[in-house]
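All residue numbers for the sequence shown refer to our numbering, where the first residue is 266 and numbers rise by one.
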Amino acid sequence: MSELEELLAAWLPRQRWFSGKGVPIHDLRVASRHTLRPARADAPSLDVLVVEAKQRGRYSRYQVLLGARPHRSLPRELAAETIGVCRMAGGRPRAVYDASHDRELNAVLLERFSAPAAPGDTAGVRFRTLPGAPVRVGAHGRVLTGEQSNTSLVFGEDYVLKTFRRLWPGRNPDLELTMALTGSPYVARTCGWIEADLPGYREPTTLAMLQAYVPQATDGWVLATRSVRALVGGAAADAETAFAAEAERLGRTTAEVHRSLARALPTDVLTPVAATELAEAMIERLAMASAEVPELTRHAPQVMDAYAEFARVREPLPIQRIHGDYHLGQVLRTATGWVLLDFEGEPTVSVSERQCLASPLRDVAGMLRSFDYAAGYLLIRHPDDSALEWAARSWSRNNRAAFCAGYADAGGPDPDQHLTALRAFEFDKAVYEVLYEARNRPNWLRVPLDSIAAAASGATAAAAPPVPG
Numbered sequence: 266m267s268e269l270e271e272l273l274a275a276w277l278p279r280q281r282w283f284s285g286k287g288v289p290i291h292d293l294r295v296a297s298r299h300t301l302r303p304a305r306a307d308a309p310s311l312d313v314l315v316v317e318a319k320q321r322g323r324y325s326r327y328q329v330l331l332g333a334r335p336h337r338s339l340p341r342e343l344a345a346e347t348i349g350v351c352r353m354a355g356g357r358p359r360a361v362y363d364a365s366h367d368r369e370l371n372a373v374l375l376e377r378f379s380a381p382a383a384p385g386d387t388a389g390v391r392f393r394t395l396p397g398a399p400v401r402v403g404a405h406g407r408v409l410t411g412e413q414s415n416t417s418l419v420f421g422e423d424y425v426l427k428t429f430r431r432l433w434p435g436r437n438p439d440l441e442l443t444m445a446l447t448g449s450p451y452v453a454r455t456c457g458w459i460e461a462d463l464p465g466y467r468e469p470t471t472l473a474m475l476q477a478y479v480p481q482a483t484d485g486w487v488l489a490t491r492s493v494r495a496l497v498g499g500a501a502a503d504a505e506t507a508f509a510a511e512a513e514r515l516g517r518t519t520a521e522v523h524r525s526l527a528r529a530l531p532t533d534v535l536t537p538v539a540a541t542e543l544a545e546a547m548i549e550r551l552a553m554a555s556a557e558v559p560e561l562t563r564h565a566p567q568v569m570d571a572y573a574e575f576a577r578v579r580e581p582l583p584i585q586r587i588h589g590d591y592h593l594g595q596v597l598r599t600a601t602g603w604v605l606l607d608f609e610g611e612p613t614v615s616v617s618e619r620q621c622l623a624s625p626l627r628d629v630a631g632m633l634r635s636f637d638y639a640a641g642y643l644l645i646r647h648p649d650d651s652a653l654e655w656a657a658r659s660w661s662r663n664n665r666a667a668f669c670a671g672y673a674d675a676g677g678p679d680p681d682q683h684l685t686a687l688r689a690f691e692f693d694k695a696v697y698e699v700l701y702e703a704r705n706r707p708n709w710l711r712v713p714l715d716s717i718a719a720a721a722s723g724a725t726a727a728a729a730p731p732v733p734g
């Protein structure tokens, strides 16, 4: 490996968006390099790197926005983003770092949307805009913090540029589905995207997408956990039901988006044979997760029973394009309603797999799991408060019911009429969460494990509250 590749091999596993945590990198190479701003004297340079990391015998591709400056002139605010110091193209040593955090360099990305064919740049990267929709430039980007599998830059109150970190060939589903929903009041408007021709891929790969900024909006997870925290010490008498109206409205919005996707894109039905194959895939994931997280094995028989029951379902289940990774962190509450974000699905899965049709009840299951997460997140900090646990579980139950009611009322498949499928999808999502938390946030592991234990035992949040004393 080159000096830069050795630095990247040490830096990548520490990044929130790196999907191979806990697995050694046996090889790393820079597969392609696209210069957007060449190095000049003391000015910083900007390159788009496509990095291939080999783990467990397979290579995965990641995007790195690489900034480089003379190491003695690196601004203090970029010190935490430094990858290391190395010689660039045989020149003097320069500090290399994640350029997403460099306001001078990330402004270059926005500027390129107004001049997509700037001379002198490395061929292969294209900045696309929509006809009749010029992009306003001049703003600097700030990186959105929080739990993200990608990196999003906010430019003033005009745009959000989401750079995809894990790369797969083809148009990213986030761009594809958002474009299909053009004109919907429930999604942010697409303004442009960046694509590249990468070695070994027959079709262009989406590197980033530019969307309109949604002003005066609050993240759904923030709103939900704020509501749950009101339960502490009985801060609000009606806290257990206070969020239900929002959950019901979110259910309606979700159904409207699903209906729009079904009108714009292909649909089909899940046949009994396909349902059996899907159940078998769920069983394989359960086996893999149980091998890695032994605490899961005690509940495996009950989960297997739910999968077997789903495999025996004989009525065809409608399938279509769906969100794919739906939870409270993927929705924003604005002054007028809910807006859905991040339609890319699970970024560790190939684009071709994410483009497969699926039951919209998978999205419903994802949001129901998210309500459980909001309640479980509070209990991590209060593990021995039985009264609070009852209140939190009741909060989750009320909002799950409200969401499902709103979803059915707005024309979505009625969850109450598909309980077998919904139960299987919820278990499958929770098993995925167990693996994720074990690898990334071990202190959160009890959240999905507790949900699986409760569902496997048939317990409900409607159980009687504990008696004081």
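Beta carbons: idealized from backbone N, C-alpha and C, even for Gly.
Remember, predicted model here, so these are calculated numbers, not experimental data.
Worksheet entry | C-beta contact flag for Thr532 and Ser284 at 9 Å | Taking the sequence shown and counting its residues from 1, one reaches residue 532 at position 267. Taking the sequence shown and counting its residues from 1, one reaches residue 284 at position 19. Contact: no.
Practice prompt. Identify which residue in Gly435, Leu626, Pro480 has its Cα closest to the Cα of Gln620.
Written response: Sequence index remark: in the sequence shown, residue 620 carries index 355 (1-based). Comparing Cα-Cα distances from Gln620 to each of Gly435, Leu626, Pro480, the minimum goes to Gly435.
Worksheet item: Since Phe392 is in the beta strand (DSSP E), which residue starts that stretch and which ends it?
Response: Sequence index remark: in the sequence shown, residue 392 carries index 127 (1-based). Segment 390-394, the beta strand (DSSP E) holding Phe392.
Worksheet item: Do you know how far the Cα of Ser449 is from the Cα of Ala482?
Response: Your numbering for residue 482 matches position 217 in the sequence shown. Your numbering for residue 449 matches position 184 in the sequence shown. If I take the Cα positions, the gap works out to 17 Å.
Discussion item. With a threshold of 8 Å, are at least 3 pairs of Cβ atoms found where one atom belongs to the stretch 621-635 and the other to the stretch 678-688?
Written reply: yes
Worksheet entry | Unbroken alpha helix (DSSP H) run spanning Met737, endpoints | This structure cannot settle anything about residue 737, because the visible part of the chain is limited to 266 through 734.
Worksheet item: So which of Arg341, Ala308, Ile290 has the shortest CA-CA distance to Tyr324?
Response: The count along the sequence shown starts at 1 and reaches residue 324 at position 59. Selected option, being the one with the closest Cα: Ile290.
Item to complete: Quick one: give me the first and last residue of the alpha helix (DSSP H) that Gln567 is part of.
Response: Against the sequence shown, residue 567 aligns to sequence position 302. That run of the alpha helix (DSSP H) goes 565-576.
Item to complete: Please look up how many angstroms separate the CB atoms of Asp637 and Ser661, rounded, as I've assumed it's under 8 Å.
Response: Position 372 of the sequence shown holds residue 637. Position 396 of the sequence shown holds residue 661. Their Cβ separation, rounded to whole angstroms, is 5 Å, which keeps Asp637 and Ser661 in contact under 8 Å.
Worksheet item: In the structure shown, what three-state DSSP assignment does Ala275 receive?
Response: Position 10 of the sequence shown, counted from the start, is the residue given in the question as residue 275. Three-state DSSP puts Ala275 in a helix.
Worksheet entry | Cβ shell of Pro384 (< 8 Å), same chain only, five flanking positions each side left out | As a working mapping, residue 384 is identified with position 119 in the sequence shown. Because Pro384 sits at a pLDDT of 45, beneath the cut-off of 50, its placement in the model cannot be relied upon, and the following sentence gives the value as read from the coordinates. Nothing listed; no residue qualifies.
Discussion item. Can you tell me whether Gln595 is helix, strand or coil according to DSSP?
Written reply: Mapped onto the sequence shown, residue 595 falls at position 330. Helix.
Worksheet item: How far does the beta strand (DSSP E) with Cys351 in it reach, from first residue to last?
Response: What you label residue 351 is simply residue 86 of the sequence shown in a count that begins at 1. Where Cys351 is concerned, the enclosing beta strand (DSSP E) stretches over 347-352.
Worksheet item: Applying the criterion that 16 or more other CB atoms from any shown protein chain within 10 Å of the CB defines a buried residue, is Ala728 buried or exposed?
Response: Walking along the sequence shown from the start, residue 728 turns up at place 463. Note that Ala728 scores a pLDDT of 40, beneath 50, so its modelled location is shaky; the value from the coordinates is reported in the next line. Counting Cβ neighbours within 10 Å, Ala728 comes out exposed, since fewer than 16 surround it.
Worksheet item: Between which two residues does the alpha helix (DSSP H) carrying Gly332 extend?
Response: Within the sequence shown, numbered from 1, the residue matching residue 332 stands at position 67. Taken as a continuous stretch (DSSP letters only), Gly332 belongs to no alpha helix (DSSP H), being part of the beta strand (DSSP E) at 323-335.
Practice prompt. Use the C-beta contact count for Thr471: other C-beta atoms within 10 angstroms, 16 or more gives buried, fewer gives exposed.
Written response: Translated into positions along the sequence shown, residue 471 becomes position 206. Its Cβ being crowded by 16 or more others within 10 Å, Thr471 is buried.
Item to complete: Give a yes or no on contact between the stretch 559-574 and the stretch 596-611, applying the rule of three or more CB pairs nearer than 8 Å.
Response: no
Worksheet item: By a C-beta neighbour count over all protein chains shown, 10 Å radius and 16 as the cutoff for buried, is Pro464 buried or exposed?
Response: Taking the sequence shown and counting its residues from 1, the one referred to as residue 464 is at position 199. Flag for Pro464 reads exposed.
Worksheet item: Is the beta carbon of Phe283 within less than 8 Å of some heavy atom of the ligand NAD?
Response: In the structure on display, the ligand NAD does not appear, and there are no ligands present to speak of.
Practice prompt. Report, in whole angstroms, the separation of the C-beta atoms of Ile717 and Phe692, which I expect to be a contact under 8 Å.
Written response: Residue 717 sits at position 452 when you count from the first residue of the sequence shown. Residue 692 sits at position 427 when you count from the first residue of the sequence shown. Correct: roughly 7 Å between the Cβ atoms.
Discussion item. Let's test the definition: count the other Cβ atoms within 10 Å of the Cβ of Leu684 and tell me whether it reaches 16, buried, or not, exposed.
Written reply: One-based indexing of the sequence shown puts residue 684 at position 419. Answer is exposed; the Cβ neighbour count stays below 16.
Item to complete: Please state if the CB of Ala554 and the CB of Leu543 are separated by a distance shorter than 9 Å.
Response: Locating residue 543 in the sequence shown gives position 278, counting from the first residue. Locating residue 554 in the sequence shown gives position 289, counting from the first residue. Not a contact, by the Cβ cut-off of 9 Å.
Worksheet item: For Glu317, which three-state DSSP category applies?
Response: Reading the sequence shown from its first residue, position 52 is the one you call residue 317. In the structure shown, Glu317 sits in a strand (DSSP, three-state: E or B).
Worksheet item: Among Cys456, Ala686, His592, Met266, which one has its Cα closest to the Cα of Pro583?
Response: The residue given as residue 583 occupies position 318 in the sequence shown. Closest by alpha carbon: Ala686.
Worksheet item: By the 10 Å Cβ neighbour count, where 16 or more other Cβ atoms means buried, how is Pro581 classified, buried or exposed?
Response: Translated into the one-based positions of the sequence shown, residue 581 becomes position 316. Result: exposed.
Worksheet item: Considering only residues of the same chain and omitting the five flanking positions on each side of Leu314, which have a CB-CB separation below 6 Å?
Response: In the sequence shown, residue 314 corresponds to position 49, counting from 1. Taken in chain order, the residues that qualify are Val295, Arg298, Val329, Leu331.
Worksheet entry | Euclidean distance between Cα positions of Trp276 and Arg704 | Here the question's residue 276 lines up with position 11 in the sequence shown. Here the question's residue 704 lines up with position 439 in the sequence shown. When rounded, the distance between both Cα atoms is 17 Å.
Worksheet item: If Arg634 sits next to Lys694, beta carbons under 8 Å apart, how far is it from one beta carbon to the other, in whole angstroms?
Response: For the purposes of this step, residue 634 is taken as the residue at position 369 of the sequence shown. For the purposes of this step, residue 694 is taken as the residue at position 429 of the sequence shown. The Cβ separation is near 5 Å, so the contact holds.
Fill in: Between the CA atoms of Asp312 and Thr300 - distance to the nearest angstrom
Within the sequence shown, numbered from 1, the residue matching residue 300 stands at position 35. Within the sequence shown, numbered from 1, the residue matching residue 312 stands at position 47. About 4 Å.
Discussion item. Could you pull the DSSP bridge partners for Ala461 from this structure?
Written reply: Numbered from 1 along the sequence shown, position 196 holds the residue referred to as residue 461. Answer is Val390, Thr470.
Discussion item. Bridge partners for Trp603 per DSSP, in chain order?
Written reply: Along the sequence shown, read from residue 1 onward, the residue named residue 603 stands at position 338. In the DSSP output, where bridge partners are listed per residue, Trp603 has Arg598.
Practice prompt. Compare the Cα-Cα distances from Asp735 to each of Gly421, Asp423, Ile459, Phe420 and report the closest residue.
Written response: Residue 735 is absent from the model: the chain starts at 266 and stops at 734.
Worksheet entry | Proximity of Leu432 and Arg326 at Cβ, strictly below 9 Å | Start at 1 with the first residue of the sequence shown, and residue 432 comes out as number 167. Start at 1 with the first residue of the sequence shown, and residue 326 comes out as number 61. The answer is yes: Cβ separation under 9 Å.
Worksheet item: Which two residues bound the contiguous alpha helix (DSSP H) that contains Tyr451?
Response: On the sequence shown, residue 451 is found 186 positions in, with the first residue counted as 1. Taken as a continuous stretch (DSSP letters only), Tyr451 belongs to no alpha helix (DSSP H), as it is neither H nor E.
Worksheet item: Where do the N-terminal and C-terminal ends of the beta strand (DSSP E) with Thr447 fall, by residue?
Response: As a working mapping, residue 447 is identified with position 182 in the sequence shown. It is not in any beta strand (DSSP E) - Thr447 carries neither H nor E in the DSSP assignment.
Discussion item. By alpha-carbon positions, which one of Asn415, Ala473, Val408, Ala573 ends up nearest to Arg393?
Written reply: Numbered from its first residue, the sequence shown carries residue 393 at position 128. Checking every option, the nearest Cα to that of Arg393 belongs to Ala473.
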